[in-house]
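Asks:
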Amino acid sequence: MRFLQKFSIYHLLTLFFVSSFIFSVSVDSESIQKISSLDTITSLDSNEEHHWELTTSELNPISFSQSYLDGKKNSIPFEIYKAPGVHKLKDESIQTVYIVKKFIAPKEWAAPSLSIRLGTINDKDRTYLNGVLIGATGDMNGTFPQAYDKIRVYPIPNDLIRRGEKNIIVIQVKKFFDREVGIEQDRTAIGDNALVLKDLLRAEYIKTFLLMIYLTVGGYFLFLYIRRRADQENLYYGLFTILFFIYQFLRNQIKYDLGIEFIYMKKVEYIILTVLIPLFGNFVRVYFKYPRNLILNVLDGSYVAFTIFYLFSNNVIHYNILNKHAVQYGWILYVSLISYYLIRRIVQKDRDAFFILIGVLVVVVAGVLDTLGARNVIVFPRVVGYAFLFFILSIATILANKFVRLNEEVEDLNEDLEKKVEQRTEELKQSLEQVNRLKVQQDADYFLTSLLINPLSSNKNTSKVVRTEFYTKQKKSFEFKGKTYEIGGDILISGNVELSGKRYVVFVNGDAMGKSIQGAGGALVMGTVFNTILTRSGISSQKDKSPERWLKEAFLELQKIFESFDGSMYISIVLGLVEESSGLLYYINAEHPWTVLYRDRVASYIEDELTLRKIGIPENEQHLTIKTFRMLPGDTIVIGSDGRDDLLIGKAEDRIINEDQEQFLRRVEEGYGDLREVYDRIVKFGALVDDFTLLKITYHPETSSLPSFQTLPVNSFQEALDRGKELLEKNRVQEGLDILEKALELDPKNEQILKVLGKFYLKAKDYAKSIGYWETLLDQSADSSDFLYHASLCYKMLKFYQKAADLGERAYLQDPTLTRNLINLADIYRILNVLPRANDLVERALSIDPKNTKALQVKNSLGVV
1 MRFLQKFSIY HLLTLFFVSS FIFSVSVDSE SIQKISSLDT ITSLDSNEEH
51 HWELTTSELN PISFSQSYLD GKKNSIPFEI YKAPGVHKLK DESIQTVYIV
101 KKFIAPKEWA APSLSIRLGT INDKDRTYLN GVLIGATGDM NGTFPQAYDK
151 IRVYPIPNDL IRRGEKNIIV IQVKKFFDRE VGIEQDRTAI GDNALVLKDL
201 LRAEYIKTFL LMIYLTVGGY FLFLYIRRRA DQENLYYGLF TILFFIYQFL
251 RNQIKYDLGI EFIYMKKVEY IILTVLIPLF GNFVRVYFKY PRNLILNVLD
301 GSYVAFTIFY LFSNNVIHYN ILNKHAVQYG WILYVSLISY YLIRRIVQKD
351 RDAFFILIGV LVVVVAGVLD TLGARNVIVF PRVVGYAFLF FILSIATILA
401 NKFVRLNEEV EDLNEDLEKK VEQRTEELKQ SLEQVNRLKV QQDADYFLTS
451 LLINPLSSNK NTSKVVRTEF YTKQKKSFEF KGKTYEIGGD ILISGNVELS
501 GKRYVVFVNG DAMGKSIQGA GGALVMGTVF NTILTRSGIS SQKDKSPERW
551 LKEAFLELQK IFESFDGSMY ISIVLGLVEE SSGLLYYINA EHPWTVLYRD
601 RVASYIEDEL TLRKIGIPEN EQHLTIKTFR MLPGDTIVIG SDGRDDLLIG
651 KAEDRIINED QEQFLRRVEE GYGDLREVYD RIVKFGALVD DFTLLKITYH
701 PETSSLPSFQ TLPVNSFQEA LDRGKELLEK NRVQEGLDIL EKALELDPKN
751 EQILKVLGKF YLKAKDYAKS IGYWETLLDQ SADSSDFLYH ASLCYKMLKF
801 YQKAADLGER AYLQDPTLTR NLINLADIYR ILNVLPRAND LVERALSIDP
851 KNTKALQVKN SLGVV
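The numbering of the sequence shown is the UniProt record's numbering, which starts it at 1 and goes up by one.
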């Protein structure tokens, strides 16, 4: 007996632990999808193996996600949710639900970026992945519907997905309709961003293609009605097709790019949906010559009342109720009436009625499927747009029959065709003579314009150190008095100017907007203004003017002239200066093709972005930045208009335009930088479709003119520099200065020593000594915004405020983002009482670094709130 008791107790304990284990497994089990690859599109839709989960309990998506990823348990109850699909809420007072999807990501994938597609969500959502908000649609506090038929596609930030581990998606959804919520239509998926977008856009493009067909057909019928008002069937069918085009457009995702409020798009959608079937019913009635009857009058009147209700109401729930319980049931009566008309005609052996009936039946079936999908009875893609194509084919057959009948009428009208041909031939002859006279006048205008432009586009550079070469091939050529000339909007100008005691080579390559005479007008303005600037610079004193200031003034003068044309004339340019003594290039690129450096038989761009729009675009001067590049002996700079890239490649009938900017670099290398060779290589690659100009700048300084520095051996010099800096840091000032000064005597141009000494004396508030070192550095590197800033700061402390402002403006033009300079320059203008400029500069500094204490101090001193 004791044995049996022990045996039963043992089995009871075993049974308890086994049941506990089984229970724990069932509680801990979860639906989690294992994704094998993210390089393709992987469906996240619910199936037998995995599903989504939904809860109406309140939760914090961030802390909930983090808790799950940390492996912690939670007590929030979830129920299985089949997505896509509608979830019916038992309690209509619940406003917000949370939908959860768990998945295991693969360990590796090659896709550069990922996206998630969530279908259409009713109505507003905030989507979190691993506790991070990746996308949101709609205002959670809004009372109107936001986007319950918008397909959500949210990009996933890089490295947000945990590789080879569990991930969790939490969607906070706020409903709009009383009891319906969830991912209602479309599908859910995750994968390569490019593939997800391509998949979405492919469907939208197909729909857009069909929309173009509908719009064309509708416009055609309306045109027929305008030409022949007696055929009212053309009016009804034209309006029907145009409205169907608008309705289908409002069912596309493209509508969200219009920026129109969702409620108004829904209002238009429901109005069109209400009037479509009545319009088609009246089309059939009028086409087959049936009179109006009482039933049709009552139906039409009811649908007019529905339309008025939609116009004055902004309640989408009422729209939906009216559409489901009145409008759609009324369609049955309209379809019955249309079928009655068509069947009667078919019995009378009318082929037109037979083809229309086939189209109607296809559209009706598709409409029923769409209605069931809209009511969330089934999940099925919308097919009315495709079904309508069959309907168009039936109408096309009718048009073919009409065409045959019209052809017979045309034969009767052709009886006196010969007489009409003779009359038209005489009229054409007179027209050709008039065209020839106009052509002669036009060529004369072209010739006069070319005579004006040619002297303006000239290579007047006389420098032997910096040489400039031009090559021009205008697209438009014409003959005048037996000679061939060219005219176009491209222009090249070069010259020389002396600034602050240094000689510079000035150049500009411009491309005016427009073709032939229009472009030539822009080039004429450009050439006149720029040559005036060059002439004025040669006459007036420029001894205190920096190259940055000269370029800025030239740019502003050109901008002011072209801006006065009120948008009818723009020009892209590269405008620049090259310092003969150092090869330092200062330039401005206003939406011109990138500048090319040809060095050691390798061509490359010295730019990677454009900061300025074309000359003449308003407020362009606010983005002015002067770029610099130091040319080495033997360097070649090649600048060209967009005719160098816009080439017709392949067969002429294909009209394929080159879009690869790297091709020009290859042509420069193939032509070894020789402009004629480069042009020959380009025309072998493709045909010119625009004006073509090239500017070549080469830097060949004399060997004797190059600076030669006495330098210490590398080890001893570095030791001296390090030792001097170390002594200064240890406050053994005099010893450190002695070592650095001795090293500087052996290498007077050494940048490292000059910077150390300049900063030391600046810190020691010996601004007079400090400025000497910074000016020496500027003589060597005038393109350093940092050197310009320190020099400006020293002059400010010495109370040479105008000099300090000039240096600060040069630094600003070279680097508009240098915060220290912005603050210093703002303070200088505060002292000079130029308060608007000071305020503008300090605001720019705070936009870069909002918490910068020095900038805030300057702002407070200006009295700006």
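All residues carry an ideal CB built from backbone N, CA and C; glycine is no exception.
If I follow the unbroken beta strand (DSSP E) through residue 155, where does it start and stop?
Replies: 151-156
Asks: Is the separation between the beta-carbon of residue 118 and that of residue 154 shorter than 9 Å?
Replies: yes
Asks: Does DSSP put residue 592 in a helix, in a strand, or in coil?
Replies: coil
Asks: Consult DSSP for residue 840 and reduce its assignment to one of helix, strand or coil.
Replies: Residue 840: helix per DSSP, three-state reduction.
Asks: Quick one: what does DSSP say residue 52 is sitting in, helix, strand or coil?
Replies: strand
Asks: Quick check on the DSSP output: the beta strand (DSSP E) that includes residue 640 runs from which residue to which?
Replies: 636-640
Asks: Taking the straight line between their C-alpha atoms, what separation do you get for residue 702 and residue 593?
Replies: Answer to the nearest angstrom: the Cα atoms are 31 Å apart.
Asks: Got a sec? Which residues, its chain only, sit under 8 Å from residue 180 by beta carbon, not counting five neighbours each side?
Replies: These residues qualify, in order along the chain: 86, 87, 88, 89, 122 and 376.
Asks: Work out the CA separation of residue 629 and residue 783 for me, nearest whole Å.
Replies: Distance between the alpha carbons of residue 783 and residue 629: 8 Å.
Asks: Could you tell me how far apart the beta carbons of residue 151 and residue 186 are, in whole angstroms, since I believe they sit closer than 8 Å?
Replies: The distance from the Cβ of residue 151 to that of residue 186 is about 5 Å, consistent with a contact at the 8 Å cut-off.
Asks: Does the contact criterion of 3 or more C-beta pairs under 8 Å hold for the region 557-566 versus the region 817-824?
Replies: no
Asks: Nearest to residue 607 by alpha carbon, out of 627, 621, 315 and 184?
Replies: From the listed residues 627, 621, 315 and 184, the smallest Cα separation to residue 607 is found for 627.
Asks: Taking C-beta to C-beta, are residue 270 and residue 220 nearer than 9 Å?
Replies: No.
Asks: If I follow the unbroken alpha helix (DSSP H) through residue 808, where does it start and stop?
Replies: 801-814
Asks: Between residue 205 and residue 646, what straight-line distance do the alpha-carbon atoms span, to the nearest angstrom?
Replies: 27 Å
Asks: Counting pairs of beta carbons, one from the region 465-474 and one from the region 677-695, are three or more of them closer than 8 Å?
Replies: Segments in contact, yes.
Asks: Suppose only complete runs of 4+ residues qualify. What are the alpha helix (DSSP H) ranges in the region 531-572, listed by chain order?
Replies: 547-563
Asks: For the beta strand (DSSP E) containing residue 341, name the first residue and the last one.
Replies: Element bounds for residue 341: not the beta strand (DSSP E) but the alpha helix (DSSP H), 328-347.
Asks: Hey, how far is the Cα of residue 836 from the Cα of residue 858?
Replies: In a straight line, the C-alpha of residue 836 is about 13 Å away from that of residue 858.
Asks: Measure the alpha-carbon distance for residue 649 versus residue 686 and round it to whole angstroms.
Replies: If I take the Cα positions, the gap works out to 5 Å.
Asks: Just curious, the alpha helix (DSSP H) that residue 663 is in, first and last residue?
Replies: 662-670
Asks: Please report the residue range of the alpha helix (DSSP H) in which residue 309 lies.
Replies: 294-312
Asks: Check whether the region 97-110 touches the region 50-62, counting contact only when three or more Cβ pairs, one atom from each stretch, lie closer than 8 Å.
Replies: yes
Asks: State whether the region 789-804 contacts the region 743-763, with contact taken as three or more CB pairs (one from each stretch) at a distance under 8 Å.
Replies: Short answer: they touch.
Asks: Is there contact here, the region 261-280 with the region 300-318, by at least three beta-carbon pairs under 8 Å?
Replies: yes
Asks: Considering only the alpha carbon of each residue, which of 751, 660 and 641 lies closest to residue 776?
Replies: 751
Asks: Taking buried to mean at least 16 other C-beta atoms within 10 Å of its own C-beta, is residue 877 buried or exposed?
Replies: Outside the shown range of the chain (1 to 865) lies residue 877, about which nothing can therefore be said.
Asks: Please confirm if the region 513-533 is in contact with the region 455-462, defined as three or more CB-CB distances below 8 Å between the two stretches.
Replies: Touching, yes, given that three or more Cβ pairs across the two stretches are closer than 8 Å.
Asks: Between the Cα of residue 160 and those of 729, 130, 143 and 229, spot the shortest distance and give me the residue it belongs to.
Replies: 130
Asks: Give me the Cα-Cα distance between residue 109 and residue 785, rounded to the nearest whole angstrom.
Replies: 44 Å
Asks: Based on the DSSP secondary-structure assignment, which residues constitute the bridge partners of residue 695?
Replies: 470 and 639
Asks: Along the chain, where does the alpha helix (DSSP H) containing residue 203 start, and where does it finish?
Replies: 193-227 is the extent of the alpha helix (DSSP H) around residue 203.
Asks: Determine the closest residue to residue 635 out of 511, 678 and 596, with distance taken between C-alpha atoms.
Replies: 596
Asks: Could you tell me the boundaries of the beta strand (DSSP E) in which residue 680 lies?
Replies: Residue 680 -> not in any beta strand (DSSP E); alpha helix (DSSP H) instead, spanning 675-685.
Asks: Do the region 288-302 and the region 240-254 make contact, defined as three or more Cβ pairs closer than 8 Å?
Replies: no
Asks: Who are residue 603's beta bridge partners in DSSP?
Replies: 598, per the DSSP bridge assignment.
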